[in-house]
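Trainee: Under our numbering, think of the first position of the sequence shown as 10, with each following residue one higher.
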Amino acid sequence: MPTAVRSYAKINIGLAIGAVRDDGFHELRTIYQTVGLHDVVKVEVARGTGIEIRCKNPRVPTEETNTCYRVADRFMKASGLRGKVIITIEKNLPLEGGLGAASSNAVATLFALEREAERALDPEDRLRICEEVGSDLPLFLIGGTIYGAGRGERVLPLEDLPSVDCVIVTPGIGISTPRAFADWDALAEREAESSVSRSSSARAATLTEAPQSAKILSFSRVIYAWLSSGYKTPVSGVPARGGDRAEAQLLDLVRTGIENDFERVVFSQHPELRDIKRVLYGQSGDGARYASLSGSGSAIYGLFDSREKAEAAAERVQDLGHAAHVTTTLTRSQYWETMLVSR
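This is how it looks when you write it as structure tokens:
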């Protein structure tokens, strides 16, 4: 019987894009948060050789480019596992949605393979494999609330946000992450040129990198201030006690003012996404306490202080013709305790 694992999605609570590094990647700062929306990945080791990917969604690659395939290939080499690995992906999460679906599928494959083969990799080997395959994979080795830096692959587990109600909207729009970064670079270049035109060339050389570097620093500072409160006396000054704990922490996070930089380029190309965000916020306090694009999109989410408000917001979005899913954020313990479907 195959090992079946839930492959949970992530959202980004704030995302600051910095300058391009020497390796060609952008410096990033973000908070990752795992949520209950998920795919299911089933793994079986049978007689024979090779790796086979099965998925009913024709857009999911089934050859060597699939992240699950790449993880399985590396696991077999690292563990010495022999046999034919059959990976079946039951897709619920959108492709190119900003929810980390392909990365989550790959890590779910790794966990399922370890159980199937009864061979747990050393943590160092597990992390190495994930870093080799993709920037978003390491966060799924942790779950819950996570600070991400570098390309996003440098991850630090944070004290969890309590589970809160969440609406995830998945419009039928595929957004390429490399294209989104290219659009961001073009925007940054235009802003740099504008700065040059308003200043001397010597001064402009300093300004070219300053805005993005300052944004990274600012993001890190507000998150540090928020986290260093220890959730006892939040930055907002609202004590988080008892049943008010989740709402107080969420309100405190909102007041940091963190945003997703990708919204500046993605919303201009897809204005309907901005409209969805507005619908999630609602009117007169009946909407989300925080709403944002996740990653480079196209998924947009809202965090709510009650299930009633979340369900009402989901209905408003569905009335516009978009798919909306009511779920919750997952703490680290919830992530691990509910991951395994069957063995």
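Ideal Cβ placement from N, Cα and C applies to all residues, glycine included.
Since this is a predicted model, take the numbers as computed values, not measurements.
Go through its chain and collect everything with a Cβ distance to ARG250's Cβ below 6 angstroms, but skip five positions before and after it.
Mentor: Because ARG250 sits at a pLDDT of 36, beneath the cut-off of 50, its placement in the model cannot be relied upon, and the following sentence gives the value as read from the coordinates. There are no such residues.
Trainee: Grouping DSSP H, G and I as helix and E and B as strand, with all else coil, what is GLU268?
Mentor: Look at GLU268 here: in three-state DSSP terms it is coil, with no helix or strand label.
Trainee: Which complete alpha helix (DSSP H) runs does the region 65–119 hold, if anything under 4 residues is left out?
Mentor: 76–88
Trainee: Quick one, which of LEU146, ILE22, VAL350 and ASP328 has its alpha-carbon nearest ASP169's?
Mentor: Nearest Cα to ASP169 within the set LEU146, ILE22, VAL350 and ASP328: ILE22.
Trainee: Can you grab the Cα-Cα spacing for the pair LEU196 / VAL274, in whole Å?
Mentor: 8 angstroms
Trainee: Alpha carbon to alpha carbon, how far is SER305 from ILE182?
Mentor: Near 11 angstroms, if we compare the C-alpha coordinates of ILE182 and SER305.
Trainee: Looking only at its own chain, which residues have a Cβ that is under 6 angstroms from the Cβ of ALA332, when we skip the five neighbours before and after it?
Mentor: THR179
Trainee: Which of helix, strand or coil does DSSP assign to PHE34?
Mentor: coil
Trainee: DSSP three-state label for ARG325, please.
Mentor: Here ARG325 carries a helix assignment [DSSP, helix/strand/coil].
Trainee: At what residues does the alpha helix (DSSP H) containing PRO280 begin and finish?
Mentor: 280–290
Trainee: In angstroms with no decimal places, state the Cα-to-Cα distance between ILE95 and CYS64.
Mentor: 11 angstroms
Trainee: Taking the alpha-carbon positions, what's the SER144 to GLU72 distance?
Mentor: 20 angstroms
Trainee: Check whether the region 26–40 and the region 126–142 are in contact - that is, three or more C-beta pairs closer than 8 angstroms.
Mentor: no
Trainee: Opposite HIS47 in the DSSP bridges: which residues?
Mentor: TYR17
Trainee: For PRO171, which three-state DSSP category applies?
Mentor: Looking at PRO171 - three-state DSSP - the assignment turns out to be coil, as it is neither helix nor strand.
Trainee: Nearest-angstrom Cα distance between THR217 and LEU165?
Mentor: Model confidence at THR217 stands at a pLDDT of 39, short of 50, so the residue's coordinates are unreliable; what they give is reported in the following sentence. Cα-Cα distance, rounded: 30 angstroms.
Trainee: In the structure shown, what three-state DSSP assignment does SER301 receive?
Mentor: strand
Trainee: Do you know offhand how far ILE267's Cα is from SER16's?
Mentor: 27 angstroms
Trainee: Considering just the uninterrupted stretch of the beta strand (DSSP E) at ILE138, what are its terminal residues?
Mentor: Where ILE138 is concerned, there is no enclosing beta strand (DSSP E), although the alpha helix (DSSP H) it sits in stretches over 132–142.
Trainee: Any chance the region 309–328 sits against the region 283–301, with 3 or more Cβ pairs inside 8 angstroms?
Mentor: yes
Trainee: Using C-beta distances below 7 angstroms, list every residue in its chain close to SER4, excluding the 5 sequence neighbours before and after it, in chain order.
Mentor: For the chain, the structure presents residues 10 to 352; residue 4 sits outside this window and is missing.
Trainee: List the DSSP bridge partners of HIS334.
Mentor: Under DSSP, HIS334 takes part in a beta bridge, and its partners are ILE177.
Trainee: Helix, strand or coil: how does DSSP classify PRO11 here?
Mentor: Coil, per DSSP.
Trainee: Just tell me which of GLN42, VAL49, VAL116 and ALA18 has its CA closest to the CA of VAL350.
Mentor: VAL49
Trainee: Does the Cβ-Cβ distance between THR338 and ILE60 come in under 9 angstroms?
Mentor: no
Trainee: With DSSP as the reference, label SER351 as helix, strand or coil.
Mentor: strand
Trainee: Expressed to the nearest angstrom, what Euclidean distance is found between the alpha-carbon atoms of SER209 and ASP31?
Mentor: Only weak support exists for where SER209 lies, its pLDDT of 49 falling under 50; the value from the coordinates is given anyway. When rounded, the distance between both Cα atoms is 27 angstroms.
Trainee: Just to confirm, are ALA81 and LEU136 a CB contact at a threshold of 9 angstroms?
Mentor: no
Trainee: Across which residues does DSSP place GLN42 in a beta bridge pair?
Mentor: ILE20 and THR154
Trainee: Can you tell me whether ALA191 is helix, strand or coil according to DSSP?
Mentor: Three-state result, ALA191: helix.
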